[in-house]
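For what it's worth, this note's numbering labels the leading residue of the sequence shown as 37, then goes sequentially. Backbone N, C-alpha and C define an ideal beta-carbon position, used for all residues, glycine too. Everything on this sheet refers to the single structure shown next.
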Amino acid sequence: MVTPATEYRGHMLRAYSEKIFPTHHDPYASGRKKFSSVVLIDTIPSDGARSRRFATPISDAWPERSSDAIDLAIRYGKRIVDGEVQATQL
């Protein structure tokens with residue numbers, strides 16, 4: 037699996053998503069898929085410290101595709117880097 041990454045203002049933003057509904061172990065669950073996402077922020081060049089990880093908040097509805105959840109996480113990471121959002125690390 038490839039982790040999507042982008043460079044933004046001296047930071048490397050990487051994002052990944054996880055299917056939260058229906059769960060992987062329940063093949064008979066009905067309903068739309070729902071995904072959550074996390075963004076990892078590193079400085080470039082890396083200072084040797086751990087990456088900062090942030091869960092993407094969901095305001096309206098959970099994304100139904102993994103790619104949408106990842107796009108949401110990257111946009112959220114850019115807002116964190118720009119200082120628009122005061123996020124709590126995981």
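Contact check for alanine 109 against serine 82 fails: the beta carbons are separated by 9 Å or more. Within 10 angstroms of the beta-carbon of phenylalanine 57 lie fewer than 16 other beta-carbons, which makes it exposed. The beta carbon of serine 53 sits closer than 6 Å to those of Phe71, Ser73, Ser102, Ala105, Ile106, all from its chain and outside the five residues before and after it, given in chain order. Check the Cα spacing between alanine 51 and each of Thr59, Ile77, Ala65: the tightest is with Ile77. Within the same chain, Ser73, Leu108, Ala109, Tyr112 come within 6 Å of threonine 92 by CB-CB distance, once the 5 residues on both sides are set aside.
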